[in-house]
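Residue numbers (the UniProt record's numbering), protein chains in the order written: chain A, 1 to 318; chain B, 1 to 318. In this text, a Cβ means the ideal position worked out from N, Cα and C, and glycines have one as well. Please read these numbers as outputs of a predicted model, since none were measured by experiment.
2 protein chains.
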Amino acid sequence: MRTAQLIVDVTHVDIWFNMASSAWSERIVQLLRRMNNFYSAGSSRFSCFRFEIDGSQVGWIPPHVASLLTPYTDVFLPPQKGAVSLCPSLDCYEKRSEAVNDVVEALRHESSLICLRGWRDERYSVKPRFCDAPLMWMERAATSLFGVKRYGVHINGYTVNGSGEISMWLARRSITKQTYPGLLDNMAAGGLAADVGIKHTLIKECAEEACIPADIAAKACPVSTVSYTYEDEEGVFPESQFVFDLELPLDFVPSVGDGEVQDFYLLPIEKVKGLLATDDFKPNSAMVILDFLIRHSLIEPDTEPYYQEFVTGLHQTL
Amino acid sequence: MRTAQLIVDVTHVDIWFNMASSAWSERIVQLLRRMNNFYSAGSSRFSCFRFEIDGSQVGWIPPHVASLLTPYTDVFLPPQKGAVSLCPSLDCYEKRSEAVNDVVEALRHESSLICLRGWRDERYSVKPRFCDAPLMWMERAATSLFGVKRYGVHINGYTVNGSGEISMWLARRSITKQTYPGLLDNMAAGGLAADVGIKHTLIKECAEEACIPADIAAKACPVSTVSYTYEDEEGVFPESQFVFDLELPLDFVPSVGDGEVQDFYLLPIEKVKGLLATDDFKPNSAMVILDFLIRHSLIEPDTEPYYQEFVTGLHQTL
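This is the structure we're talking about:
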């Protein structure tokens, strides 16, 4: 029996759904600009210090954070040539990780470092590029202070009916989530912790957040990455999300798992498209779905003047 | 009757097909780096002049070209603050186009300007972004002298058999082509001339190059863009290709049309993947097919260490 519910509580979607497509396009351009604001002419990038380990850049440290690191002379060298480096005596993965973690633990008392209030006890890898060996781990909540690149997995859960019409499963985030409470999101998503595989993370998040059995989640297809760097009062966020498409059986219904999600909705893809232009969507998830719309030919380059800007805006890196 | 031939004359593909995948990955990284060499630290970008019209940048002019423009004081203002601008008296599309074209015609005698030997009598639009109104047109062969962005259309023609196995149609370019003679290419592709639509260009190129009937070509699905900027001795090439996938009937065989192609091959996709790492492929077409491999889940992020670098390398813009 089909129990999937069509969305009913997003009354303002019709505003966007029915608006001139040019207004929708402008909102999407603004979204991409906001999520890439670290590249803009007015960004703090030009005053940030490069965070370097062994001569390789692994992040960006805002000036106010660099000042707070100055007392820890046994961990960080004084800023030099625009870079803050770890002391050379920290010459291996474990030593670096523990020394920096001690500093970050000490900084939890700093009221200005809002991000540390969201301490997660999750270790993220710190490395110059995804393909490089990790040089240390860092507590997830601290990565934005050092502008360390974070990786994650996002899953587009969707259905195709007999007429070829696509609908997409969206999650509404729990109002108790630390970040973006109550906003619309991909069906499942999660950050990539140190030493954990991409597909493994996908299957775990599908199970935990949406009670999707492993044999169904395993059918998800890798299709893209979405990359961006934004900055806000909590720091610098260079991120790349590994994107998977998962076509679900028409009678499948995800259900709330670990409490990170309060509800799931199955929506016609045109409704989802309209919602992307509202403030009701977690911004990086809106980008992942924009990528879906492009790959599935739901946006046409002859009628969408920003088509090429959309695609390049989804894949920015420094 | 199935008359499609499997490739037989590309003997060295098995070398790459059988090589360690890490060697393939490194070759692809090199391809992407070469096609984006204008962004590299050692590029001429830092000595190029911005080409501006009415205060908006529309290209990059290498210093040796800027010197050649100096005598034409009724068309170009002297370089100022790193920019070469058109004279304000050229205050409309037609005036600008004709004045610059007169200069470019005069420069055809300069033996150093290799690219002008390939005069095409094709008008390309000059505009800050794709979504902007064109500010002038320019002869296609001259665009690299001014680093004016060029747009095109590439079509991935492919088949899926009953077992779900994908094969792709490749073209071998005629040895008389001005650019990349004799190399492997997408089944059909072409540049976007001024005032011509994207889908219209696609259908035209499919008909002209591969004798694909319009009703079949019209089924091509827009799926992506591929963007890059390279420089060589002929100038600066900022380009974006609109990418379409066209699934063809199993019994369909393209045939040589206007003589731009000497032959077509239908190849299992794994063979195509191997060929991308050889020098036998037109480089931007290899990028378009790399994008296909990623979108069709033929590359896995858990086993391809450069997965994210591949995706971002396909979508660079300034």
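Should residue i be flagged as near chain A, meaning a C-beta pair shorter than 8 angstroms?
i                 : result
Val-311 (chain B) : yes
Asp-195 (chain B) : no
Ser-216 (chain B) : According to the sequence as given, residue 216 (chain B) is Ile; it is not Ser. Chain A contact via Cβ: absent.
Gln-308 (chain B) : yes
His-154 (chain B) : no
Ile-198 (chain B) : yes
His-315 (chain B) : yes
Pro-62 (chain B)  : no
Using a Cβ-Cβ cut-off of 7 angstroms (strictly less than) and excluding sequence neighbours within five positions of residue i, which residues of its own chain qualify?
i                 : result
Thr-201 (chain B) : Val-153, Gly-190 and Leu-192
Gly-82 (chain A)  : Phe-49 and Arg-50
Leu-113 (chain B) : Leu-107 and Leu-145
Ala-286 (chain B) : Leu-31 and Leu-276
Ile-203 (chain B) : Ala-214, Ala-217 and Ala-218
Glu-208 (chain B) : Gly-257 and Asp-258
Could you check what DSSP says for residue i in three-state terms: helix, strand or coil?
i                 : result
His-109 (chain B) : coil
Cys-221 (chain B) : strand
Asp-102 (chain B) : helix
Met-35 (chain A)  : helix
Gly-118 (chain A) : helix
Ala-189 (chain A) : strand
Leu-298 (chain B) : coil
Asn-284 (chain B) : helix
Thr-317 (chain A) : coil
Ser-21 (chain B)  : helix
Gln-80 (chain B)  : strand
Thr-312 (chain A) : helix
Gly-274 (chain A) : helix
Val-256 (chain A) : coil
Phe-264 (chain B) : strand
Gln-30 (chain A)  : helix
Phe-242 (chain A) : strand
Ser-174 (chain B) : coil
Thr-229 (chain B) : strand
Thr-159 (chain A) : strand
Under a CB-based cut-off of 8 angstroms, is residue i close to chain B?
i                 : result
Cys-48 (chain A)  : no
Val-160 (chain A) : no
Ile-53 (chain A)  : no
Cys-206 (chain A) : no
Lys-219 (chain A) : no
Pro-222 (chain A) : yes
Pro-181 (chain A) : no
Pro-305 (chain A) : yes
Check whether the Cβ atoms of residue i and residue j lie closer than 8 angstroms to each other.
i                     : j                 : result
Phe-49 (chain A)      : Ala-66 (chain A)  : yes
Leu-116 (chain B)     : Arg-123 (chain B) : no
Trp-137 (chain A)     : Ala-188 (chain A) : no
Asp-245 (chain A)     : Phe-292 (chain A) : yes
Arg-295 (chain B)     : Val-58 (chain A)  : no
Thr-159 (chain A)     : Leu-248 (chain A) : yes
Gln-308 (chain B)     : Ser-25 (chain A)  : no
Asp-74 (chain A)      : Cys-92 (chain A)  : no
Pro-254 (chain B)     : Gly-157 (chain B) : yes
residue 321 (chain B) : Ile-269 (chain B) : The structure shown does not extend to residue 321 (chain B), since chain B is modelled only from 1 through 318, so no value can be given for it.
Ser-56 (chain A)      : Pro-134 (chain A) : no
Leu-290 (chain A)     : Ile-28 (chain A)  : yes
Val-288 (chain A)     : Val-243 (chain A) : yes
Val-272 (chain B)     : Phe-38 (chain B)  : no
Go through its chain and collect everything with a Cβ distance to residue i's Cβ below 8 angstroms, but skip five positions before and after it.
i                 : result
Arg-173 (chain A) : Tyr-180, Pro-181, Gly-182, Leu-183, Leu-184, Asp-185, Glu-260, Val-261, Gln-262 and Lys-282
Thr-312 (chain A) : none
Asn-36 (chain A)  : Tyr-228, Thr-229, Tyr-230, Gly-313 and Gln-316
Cys-211 (chain A) : Pro-254, Ser-255, Val-256 and Gly-257
Apart from the five residues on each side of it in sequence, which residues of its chain come closer than 6 angstroms, Cβ to Cβ, to residue i?
i                 : result
Arg-120 (chain A) : Arg-140 and Ala-141
Ile-7 (chain B)   : Only weak support exists for where Ile-7 (chain B) lies, its pLDDT of 46 falling under 50; the coordinates are left without a value.
Ser-240 (chain B) : Tyr-151, Thr-225 and Ser-227
Leu-90 (chain A)  : Arg-96 and Ala-99
Step through the CB atoms of chain E and report whether any lies within less than 8 angstroms of the CB of residue i.
i                : result
Asp-74 (chain A) : This model lacks chain E altogether; the protein chains it does include are A and B.
If contact means a Cβ-Cβ distance below 7 angstroms, which residues of the region 269-301 of chain A contact chain B? Only those residues of the region 269-301 of chain A whose C-beta falls short of 7 angstroms from the nearest C-beta of chain B are listed: Ile-294, Arg-295, Ser-297, Glu-300 and Pro-301.
Beta carbons nearer than 7 angstroms to chain A: which residues of the region 125-151 of chain B have them? The residues in question are Arg-129, Phe-130 and Cys-131.
Would you list, in chain order, the members of the region 90-109 of chain A that have their beta-carbon closer than 7 angstroms to a beta-carbon of chain B? Across the region 90-109 of chain A, no CB contact with chain B closer than 7 angstroms is found for any residue.
Chain-ordered residues of the region 219-249 of chain B with a beta carbon less than 7 angstroms from chain A: Flagged, chain order: Cys-221, Pro-222, Val-223, Ser-224, Thr-225, Ser-227, Ser-240 and Phe-242.
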